[in-house]
Every structure is written in structure tokens, then in C-alpha cells.
Amino acid sequence: MSVRNTARRLTALATAAGLALALLMPAGPAFADAGFRQWVAGFRATAVAGGVSGAVYDQAMRGIEPDPVVLEKARTQPEFTAPAWDYFDNRVHDQSVANGRAMAKKWKPWLDRIEARFGVDRNILLAIWSMESNYGEILKRDDIMRNVIRSLSTLAYGDAKRSKYARTQLIAALKILQTGDIDESHLMGSWAGAMGQTQFIPTSYQRYAVDMDGNGRRDIWNSIPDALATSANLLKKNGWQAGKTWGYEVTIPAGKLPGGAKTIAQWQALGLVRANGKPFRNLTDKATLKVPDGRGGPAFLMIRNFSVIKAYNNADKYALAVGLLADEIAGGTGLVQDWQRPFTKLSFEERQELQKRLSEHGYYDGKFDGKIGDGSKAAIMAYQAKVGLTQDGYPSLEVLKWLRKR
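Numbering-wise, the sequence shown is residues -32 to -1, 1 to 374 according to mature numbering (1 follows the signal peptide of the UniProt record, and there is no 0).
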């Protein structure tokens, strides 16, 4: 057995059940012609009652079949929680910061207008753009982007857990076609229907989409001004406080601290100070203390705008990654107290080198994108097993040094 196959064995068991089920399913047309086609015909009345014209529905649904990739994605979404360092290392790194600063220069005239109109910090918008689509790079990948109507129809029919969500979003997506903002061939999104440069689900698009460039269409797929203004509109309508930050990295004193929201002045009286030594901007702001990596990791005081970012994605890690990335795009130097990482961190270029060297040794066959996902971790573990290292899958300097020697 080759070493590449050895690496693959580490992930094979995780997908075997799903693949077996897929093999037992009837082929595409037979599956579509049976229950799915009947569902499409029956859902027409629901869509029309929801405001979709019959002509738009018939055109969008003509010849449609379920997307087996969407069903597989729905079945295999990970349910584990990644360690803090794993989540942030894949999102807040030197390359995402450098790209953000380049985009800030490239789109400065539009960012000036968007910031003036909505009052939302441009660096927050750039960080969201990075988090959602890697500054639009994801939209170029045919292995990720899928037809939104097909994806949502597949979920509405074939995924009981997401069927209610998918039906609501499908009607909204059909209405987007009806407005003429985008045509069906360009209505592309993630497997779950998130669309455009900044990944809006159809109902959120309906609520917040903005025609910033003034061409008569709200095009979050191809118009960067429209996409960034749409994100700004979402944040503004959810309570963004112009001119204020999202929060502060702080150092905390020993001993137990009270929970709940307090003013910055009250936290300061309890012994909390900014980790970078600078003063807080507004002592009357209410803030909540969060230590996502425990007392040994960085600590933060989160103010109102942190919660507003969560209107985009209701997860503390997401909002914190946006805030940290935005600060670095703006010129900040990053965390004072790093995450409790059980290995020596690699730069983004070193992570790409790690993937390339693993590939050269026959352990990895993915993209050299610097993102350490399941495939990279499996390859690292296979290599660690081969050379007698602890099989932890960490993208460490120690593993890279071993690879460089061979």
C-alpha cells in the first residue's frame, strides 16, 4: 500500500457509511422522476401563493434534478468544536491580513462612500468579505459553488432537518430571479444557499441587499460595492454604533471576576487593562468579559458592536475572528497574549510549504492553500506515524523541520 493510501485510510472510515448509502440510492434521473418531480410539481402552488409567478417557477424548475453533492454535504457536516487556535489560525493570518490591506487600497473610493453612508468601519467589512469568501476567491471554485435553486430544492425535498429552512429560502431565491437582479445561470451559492461575495441567504438578501453602484441591480455576486454595502446595511440595521470598536484585548487580574455586562470603568476598577497598554476609548460603554481559550489564553471585553457582528453569524468565534482580522487590516499588530497552541505556530507560507512537502512525500493530494483541514491533518498524522512522532495532526514547525530534512 502506498503512503498516500495510508493517509487516506485515516479518513476513510468517517465517510464509509455515507458512501454506502449513496451507492444504494437510485441513479439521478430515476430518483428525480419519482418523488422529486412530484414534489416540484406540488410545491409550485406554495411558491405561487408566496408571490412567485408561475412563469418564473416553471423556468427555474425546468429539468431540475436533486444534487447528490448537496445531500452528502448535509449528511457530513462536522459537529465537533475546533480548538480556539485551530479556528483562528485558519482565518486570521498574515495572508488574509495582507489581502485585506490590498483590498482596502483597491476599493478605497467605494469604501469611503459606504462608510459615509452606513457608518460601519470599512475594516470590519473587509474582514467579513475575507471570512465569507476569501475576498471572492471561493466564487471561482466550481467544486464549491452550486446552483442555488437546485441546492435549496434538494434540501427542501431530501433533508428533513433543513426542509423548512430550504423551502423558505427557495421561495426567496425565486423572488430574486423575479426581480431581475441576477439570472438563474449566475444565481450561485454554497451547498446550503448562501450567496455572493459576502454570503447572504436569500431572505437576508431580500432584507438588506443594496444597489450601491447604481446600475439598477443589487448584484452581490459581481459588484464589490453592492456586496460590501449590503453587509454594511445588515450591520447598521442591527444596531452598529458608528465610530466605536467591537471590543478590546485585556489582561485580567488573578482571582474570580464577576459575570455579566458592566461599564468599561467598572471593569477597569476591577483591575482589567488593555493588553497593549493603551487607554480604553469610552469608559461608559457596557462590556462583557470573554475568555474563549481559558485564563491562559487571550481575554476580551466585548462591547455592543461585537453582538452586532453576530447578526451575521451567531457564533462568538466568528465575531471575534472578524474583529481581530479587522484590527490587523487596519494596521494593528495582533494579539498580545496568543492562543494556547500546543506546538510552534507556522506562518501562512510555511503552512503552504508543509502541504507541498507532504504532497511531495506522497501523503497529501489537496490544494496548497495554507488552510489545515481534515485532509491536511490526516496527511500530517500519516507522516507522523511513519517517522515515529506523536500522531496529533498539528501543523507544527516541528513537523515541517522533519519534512525539510527528508
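Every residue, glycine too, gets a C-beta built ideally from N, C-alpha and C.
Proximity of residue i and residue j at Cβ, strictly below 8 Å
| i | j | result |
| --- | --- | --- |
| residue 243 | residue 257 | no |
| residue 213 | residue 171 | no |
| residue 33 | residue 11 | no |
| residue 28 | residue 144 | no |
| residue 253 | residue 219 | no |
| residue 67 | residue 125 | no |
| residue 294 | residue 89 | yes |
| residue 52 | residue 284 | no |
| residue 87 | residue 208 | yes |
| residue 329 | residue 368 | no |
| residue 361 | residue 308 | no |
| residue 72 | residue 297 | yes |
| residue 271 | residue 215 | yes |
| residue 42 | residue 127 | yes |
| residue 142 | residue 304 | no |
Residue of the options minimising C-alpha distance to residue i
| i | options | result |
| --- | --- | --- |
| residue 286 | 56, 162, 369 and 67 | 56 |
| residue 146 | 24, 139 and 232 | 24 |
| residue 259 | 217, 100, 69 and 232 | 217 |
| residue 113 | 279, 38 and 356 | 38 |
| residue 199 | 181, 165 and 318 | 165 |
| residue 359 | 348, 365 and 84 | 348 |
| residue 377 | 275, 191 and 63 | Residue 377 is absent from the model: the chain starts at -32 and stops at 374. |
| residue 106 | 357, 335, 346 and 369 | 335 |
| residue 153 | 131, 189 and 134 | 189 |
| residue 313 | 59, 299 and 366 | 366 |
| residue 60 | 323, 306, 76 and 354 | 306 |
| residue 16 | 350, 140 and 84 | 140 |
| residue 300 | 49, 65 and 6 | 65 |
| residue 44 | 6, 75, 109 and 129 | 129 |
| residue 132 | 14, 181, 173 and 182 | 14 |
| residue 184 | 155, 148 and 49 | 148 |
| residue 159 | 80, 35 and 374 | 35 |
| residue 54 | 357, 345 and 373 | 345 |
| residue 322 | 281, 282 and 373 | 373 |
Beta-ladder partner(s) of residue i, from DSSP
| i | result |
| --- | --- |
| residue 156 | 115 |
| residue 216 | 269 |
| residue 257 | 269 |
| residue 29 | In the DSSP output, where bridge partners are listed per residue, residue 29 has none listed. |
| residue 163 | 157 and 168 |
| residue 242 | 218 |
Cβ distance (whole Å) where residue i is taken to contact residue j below 8 Å
| i | j | result |
| --- | --- | --- |
| residue 251 | residue 238 | Going by Cβ atoms, the distance from residue 251 to residue 238 rounds to 13 Å, so no, they are not a contact pair. |
| residue 376 | residue 82 | Only positions -32 to 374 of the chain appear in this structure, which leaves residue 376 out of reach. |
| residue 63 | residue 311 | 20 Å between Cβ atoms; not a contact. |
| residue 269 | residue 240 | 7 Å |
| residue 350 | residue 331 | 5 Å |
| residue 275 | residue 167 | 20 Å between Cβ atoms; not a contact. |
| residue 255 | residue 235 | 6 Å |
Residues of its chain near residue i, where Cβ-Cβ distance is below 7 Å and the 5 sequence neighbours each way are ignored
| i | result |
| --- | --- |
| residue 290 | 92, 95, 96, 99 and 277 |
| residue 201 | 86, 176 and 178 |
| residue 319 | 338, 340 and 363 |
| residue 194 | 178, 179, 180, 181, 186, 187 and 188 |
| residue 327 | 333 |
Beta-carbon proximity list for residue i, same chain, < 6 Å, skipping 5 on both sides
| i | result |
| --- | --- |
| residue 161 | 116, 119, 120, 137 and 169 |
| residue 343 | 334 |
| residue 177 | 186 and 198 |
| residue -8 | In this predicted model, residue -8 has a pLDDT of only 40, less than 50, meaning its place in the structure is not dependable; the value taken from the coordinates is given anyway. The answer is none, since no qualifying residue turns up. |
| residue 123 | 130 and 134 |
| residue 157 | 116 and 163 |
Spatial neighbours of residue i in its chain, beta-carbon cut-off 8 Å, leaving aside the 5 residues before and after
| i | result |
| --- | --- |
| residue 206 | 276 and 279 |
| residue -14 | Residue placement at residue -14 is poorly supported in this model, since its pLDDT is 36, which falls under 50; the coordinates still yield a value, given next. So no residue of the chain qualifies. |
| residue 324 | 336 |
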